[in-house]
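First comes the structure, then the notes that go with it.
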Amino acid sequence: MKGDLLAERCKAIKLLLTDVDGVLTDGTILVLPDGGEAKAFHVRDGLAIVLAQAAGLKTGLLSGRSAASVAHRAADLKMAVVRQGVRFKGPALVEICAELGIEPREVAYVGDDVNDLPVFAQVGLSAAPADAPLEVRNEAVMSLSAAGGRGCVREFVEAILRARGQWDEVLRTTLGVEPS
349 MKGDLLAERC KAIKLLLTDV DGVLTDGTIL VLPDGGEAKA FHVRDGLAIV LAQAAGLKTG
409 LLSGRSAASV AHRAADLKMA VVRQGVRFKG PALVEICAEL GIEPREVAYV GDDVNDLPVF
469 AQVGLSAAPA DAPLEVRNEA VMSLSAAGGR GCVREFVEAI LRARGQWDEV LRTTLGVEPS
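For the sequence shown, the residue numbers in the numbering used here are 349 to 528.
Listed below in structure tokens is the structure:
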């Protein structure tokens, strides 16, 4: 995508929304002996959520599955939207936007599989991890170089904040880092 068009789309973004399995995780589901689940989240993706919030974006997740570990991670990251167990993500996106008083074009979304395509068709900016199926990567506005659970959300957030001209300032004010 050309820089000017990307910048225009990014400036309109008010909500960063992500899928969970295959995006915030590598898609592996560890089933514990008691039937519970364990998931591994990449720390860089967590930092990206914090940076997005520091830049004024609301953050959230939209997942087809439900797990206590996901709710816990979302609470740790102070995510504004937590929707789990969502079978049809397109209508759920419309509900989320109505609740927040925003338009779907003001949403940036990262998804990794065909159940995310209805969301891709509605949002202002969509992205797919490097290991998403080809048909999903082809429908995404951005095809990321990082795989799911390996920093793809971090990559997406940096691209958005750089396009908005906020990256350097957010690093300074949030982390005390002087960009090079």
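Yeah, the Cβ is synthetic: ideal placement off N, Cα and C, and Gly gets one too.
Inset, instruction - Using three-state DSSP, classify K406 as helix, strand or coil. - result: strand
Legend entry - Cβ of G383 within 7 Å of any chain D Cβ: Looking for chain D here will not work: only one protein chain is present.
Legend entry - Straight-line gap, A360 to P381 (C-alpha atoms, nearest Å): 45 Å
Inset, instruction - Quick one: measure Cβ to Cβ for R498 and S491, integer angstroms, because I've assumed they're closer than 8 Å. - result: The pair is not a contact, with the Cβ atoms about 15 Å apart (cut-off 8 Å).
Inset, instruction - Would you please state the rounded distance, in angstroms, between the beta carbons of K437 and D464? I believe it to be under 8 Å. - result: 6 Å
Inset, instruction - Taking 7 Å as the cut-off, decide whether the C-beta atoms of V478 and A494 are in contact. - result: According to the sequence as given, residue 478 is Ala; it is not Val. For A478 and A494, yes; Cβs fall inside 7 Å.
Inset, instruction - Could you give the DSSP three-state label for T366: helix, strand or coil? - result: strand
Legend entry - When A440, E483, G449 and G404 are compared against Q470, the one with the closest alpha-carbon: A440
Legend entry - Inter-residue CB distance, S411 and V368 (contact presumed, cutoff 8 Å): 4 Å
Inset, instruction - Apply the 10 Å Cβ neighbour rule to H420 and answer buried if 16 or more other Cβ atoms are within range, or exposed otherwise. - result: exposed
Legend entry - Sequence-distant residues of the same chain with beta carbon closer than 6 Å to P527, five excluded per side: D516 and L519
Inset, instruction - Tell me whether the beta-carbon of A422 lies closer than 7 Å to the beta-carbon of Q514. - result: no
Inset, instruction - Count the other CB atoms, across all protein chains shown, that sit within 10 Å of the CB of V458; report buried if there are 16 or more and exposed otherwise. - result: buried
Legend entry - Bounding residues of the alpha helix (DSSP H) (the contiguous stretch that carries A446): K437 to L448
Inset, instruction - Would you kindly report the start and end of the unbroken alpha helix (DSSP H) that includes V484? - result: L482 to E487
Inset, instruction - On a CA-only basis, which of D352, R510 and D460 is nearest D374? Give me that one, please. - result: D460
Legend entry - Nearest neighbour of S414, chosen from I444, R431, L372 and E487 [CA to CA]: R431
Legend entry - Straight-line gap, R435 to A488 (C-alpha atoms, nearest Å): 20 Å
Legend entry - Range of the contiguous beta strand (DSSP E) that encloses S417: First-last for S417: A416 to D424, but that is the alpha helix (DSSP H), not the beta strand (DSSP E).
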